[in-house]
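J.: The structure under discussion is supplied below as structure tokens; questions concerning it will follow.
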Amino acid sequence: MLQSHYPYFARKEAPKDEESYNAQILIRAGFIEKIMAGVYAFLPLGLRVLRNIERIVREEMDTMGAHELLLPVLSPKENWQKTGRWDSLDVLFKLNARDKKEYALGPTHEEIVVPVGQKAILSYRDLPLGLYQIQTKFRDEPRAKSGLLRGREFLMKDLYSFHATVEDLESYYAQALVVYKKIFSRLGLTALQVEASGGTFSQYSHEFQVLTENGEDTIIHCPACGFAQNREINTQQEGDACPHCGKPVHVSAGSEVGNIFQLKTKYATPFGLTYTDAQGATHEVQMGCYGIGISRLMGILAEIYHDDKGLLWPESTAPFRVHLVVLYGQDEAQNKLLQEKASALYASLQSHALETLFDDRMNISAGQKFAESDLMGIPYRLVISQKTGEKVEVKKRNEQEMNMVDFSDVIQYVSIKQEIDMTQ
Ligand code: ATP
Ligand code: MG
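Okay, so the sequence shown: first residue is 1 according to my numbering, each after it adds one.
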């Protein structure tokens with residue numbers, strides 16, 4: 001991508017009414033734009049990050065044999081009345097239409113996926129079945145002050161699983177726990193597996209929490225044995241004895257990146273979702289649901305991966321892998337040569353599928369180019385200037401050190417994948 005043709009959304013200051021760190025830095029760096037409280041636009045750079053998060057989630061959903069579909073955002077009132085959530089779900093956005101009917105904007109999709117799934121589930125042969133989507137959700141959140149961590153419109157991955165028996169649901173659920181850890185690890189995040197708070201499903205539900213200063217949840221956790229609980233059920237204080245191993249617990253702020261539930265027959269019952277077994281007898285279908293906050297994850301990455309100069313994307317989610325920066329001088333003949341060298345390197349990076357933003361802009365100072373590059377947070381910065389001669393200056397965003405690398409070695413240098421495995 002040529003930066004001279006790339007829309008420039010970065011700006012000196014985030015809007016005054018934006019309180020959250022993640023939205024402030026993402027707005028300043030030109031990744032998102034605030035439309036109103038809890039509602040953001042994803043700009044070209046931000047969308048690239050979102051797509052990378054989605055790609056990792058999709059790849060891991062595939063390993064579970066789940067099938068992607070796309071359910072509507074707009075849904076009929078009747079479905080929500082069937083489960084009682086038209087009245088009980090306080091965050092449900094409701095709409096009146098000109099046909100005098102009422103509708104809901106989907107905050108989650110059990111009410112829609114159950115009747116859809118029913119069409120594919122006739123007998124035990126059709127089970128298990130996993131259906132998922134990556135879809136915009138709407139929730140009338142009372143306090144939308146945490147930027148991407150709490151949107152009133154946000155992107156979620158929601159998987160729903162359907163099973164003939166509770167045992168089959170349990171084994172799928174156990175597999176989901178493993179896959180979820182893998183997803184967060186590939187994103188460069190350490191997620192604690194937290195026993196979920198209260199409610200009807202507490203034994204059958206887990207949250208995944210990333211510890212981060214501006215998270216809205218409070219997590220009591222034990223680094224010694226891995227025990228972790230949400231404050232909503234645990235009143236322990238910093239240093240109290242861990243109920244599992246007796247070592248001191250820590251109390252930290254966290255943000256929930258995923259939540260999984262064994263729904264059992266909670267939604268099958270109101271919709272009459274059944275299957276027939278080998279003997280022809282009818283049974284209710286057992287279900288599980290598994291959410292991941294896609295756009296919240298982008299906010300969490302910004303909260304965790306930054307320094308005082310800007311963002312520091314992990315390689316797996318960075319908008320580009322390489323930022324190629326050419327610095328022009330006063331001499332026109334020299335500049336032409338620099339332009340040729342940089343263009344050749346750009347072509348080579350592209351032919352090796354190394355996603356590159358090429359800062360080919362003229363009349364912009366080196367200082368400004370570097371400041372913008374640091375703010376954007378692309379993992380590798382390559383500089384070509386009169387000073388670099390027959391070499392390329394390579395600097396990783398998260399390191400201070402610069403290396404002079406031969407043109408012929410640059411591709412190999414920036415190709416080494418550094419996917420962090422946070423499960424270790
Ligand atoms: P929270 O406890 O944070 O309100 P939740 O338990 O209501 O979330 P779920 O219904 O389990 O959320 O949704 C699945 C995932 O979607 C959550 O784990 C979270 O990562 C994400 N999510 C939920 N609400 C929001 C929101 N308002 N903005 C952004 N992401 C959200
Ligand atoms: Mg939750």
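We put the CB at the ideal spot given by N, CA and C, even for glycine.
Please read all numbers here as calculations on a predicted model, not as lab measurements.
1. In angstroms with no decimal places, state the Cα-to-Cα distance between F93 and K157.
2. Express the C-alpha separation of L211 and Q193 in angstroms, rounding to a whole number.
3. Please report the straight-line C-alpha distance between S75 and Y328, rounded to a whole angstrom.
4. By Cβ distance, which residues of its chain are closer than 6 angstroms to V249, with the 5 residues on each side in sequence left out?
5. If we count the other Cβ atoms within 10 Å of its Cβ and call it buried at 16 or more, is P7 buried or exposed?
6. For G38 and G151, which I take to be in contact (beta-carbon distance under 8 angstroms), what is that distance rounded to the nearest angstrom?
7. Within the present structure, is the beta-carbon of E110 separated from the nearest heavy atom of ligand 1 by less than 7 angstroms?
8. From this set, V325, S348, P379, which residue's C-alpha is nearest N363's C-alpha?
9. Run through DSSP, which three-state label would D331 get?
10. Hey, would you say S205 sits closer than 8 angstroms to I294, going by beta carbons?
11. Would G299 pass as a contact of G258 if the rule is Cβ separation under 8 angstroms?
12. Could you please go through the chain and list the residues whose beta-carbon is closer than 6 angstroms to any non-hydrogen atom of ligand 2?
13. Say yes only if the C-beta of F154 is nearer than 7 angstroms to one or more non-hydrogen atoms of ligand 1, and no if none qualify.
14. What residues are listed by DSSP as bridge partners for F42?
15. For the region 303 to 314 against the region 16 to 28, are there 3 or more C-beta pairs whose distance is under 8 angstroms?
16. If you measure from the CB of G239, is any heavy atom of ligand 1 nearer than 7 angstroms?
17. Using C-beta distances below 8 angstroms, list every residue in its chain close to P15, excluding the 5 sequence neighbours before and after it, in chain order.
18. Given a threshold of 16 other Cβ atoms within 10 Å of its Cβ, counted over all protein chains shown, does C245 qualify as buried or as exposed?
19. Does S365 pass the burial test, meaning 16 or more other C-beta atoms within 10 Å, or should it be called exposed?
20. Rounded to whole angstroms, how far is the Cβ of I411 from the Cβ of H323, which I believe are closer than 8 angstroms?
T.: Short version:
1. As a first step, residue 93 is located in the sequence shown; it is residue number 93 there, counting from the start. As a first step, residue 157 is located in the sequence shown; it is residue number 157 there, counting from the start. Approximately 19 angstroms between the Cα atoms of the pair.
2. As a first step, residue 193 must be located in the sequence shown, where it is residue number 193. As a first step, residue 211 must be located in the sequence shown, where it is residue number 211. One C-alpha to the other measures close to 11 angstroms.
3. For this step, residue 75 is matched to residue 75 along the sequence shown. For this step, residue 328 is matched to residue 328 along the sequence shown. Whole-angstrom Cα-Cα distance: 56 angstroms.
4. Taking the first residue of the sequence shown as position 1, residue 249 is located at position 249. Excluding residues within five positions, the ones whose Cβ falls inside 6 angstroms are I220, C222, Q236, D240, C242.
5. Walking along the sequence shown from the start, residue 7 turns up at place 7. When all chains shown are included, P7 counts as exposed.
6. The sequence position of residue 38 within the sequence shown is 38, counting from 1. The sequence position of residue 151 within the sequence shown is 151, counting from 1. Correct: roughly 5 angstroms between the Cβ atoms.
7. Along the sequence shown, one-based indexing puts residue 110 at 110. E110 Cβ: outside cutoff for every heavy atom of ligand 1.
8. Along the sequence shown, one-based indexing puts residue 363 at 363. Considering only alpha carbons, the answer is V325.
9. Here residue 331 refers to the residue found at position 331 of the sequence shown. D331: coil per DSSP, three-state reduction.
10. Here residue 205 refers to the residue found at position 205 when the sequence shown is read from its first residue. Here residue 294 refers to the residue found at position 294 when the sequence shown is read from its first residue. Against a cut-off of 8 angstroms, the Cβ pair of I294 and S205 comes out as no contact.
11. The count along the sequence shown starts at 1 and reaches residue 299 at position 299. The count along the sequence shown starts at 1 and reaches residue 258 at position 258. In this structure, G258 does not lie closer than 8 angstroms to G299 by Cβ.
12. E207, E256, N259
13. Within the sequence shown, the letter at position 154 stands for residue 154. F154: yes, Cβ under 7 angstroms from ligand 1.
14. Here residue 42 corresponds to residue number 42 of the sequence shown, with the count starting at 1. Paired residue(s): I32.
15. yes
16. Taking the sequence shown and counting its residues from 1, the one referred to as residue 239 is at position 239. At a cut-off of 7 angstroms, the beta-carbon of G239 does not count as near ligand 1: no heavy atom of the ligand is closer than that.
17. Residue mapping note: residue 15 aligns to position 15 of the sequence shown, counting from 1. Here the set comprises I27, K34.
18. Taking the first residue of the sequence shown as 1, we reach residue 245 at position 245. Label assigned to C245: exposed.
19. Counted from its first residue, the sequence shown places residue 365 at position 365. Within a 10 Å sphere around the beta-carbon of S365 sit fewer than 16 other beta-carbons, which makes this residue exposed.
20. Along the sequence shown, read from residue 1 onward, the residue named residue 411 stands at position 411. Along the sequence shown, read from residue 1 onward, the residue named residue 323 stands at position 323. I411 to H323, Cβ: 15 angstroms. No contact.
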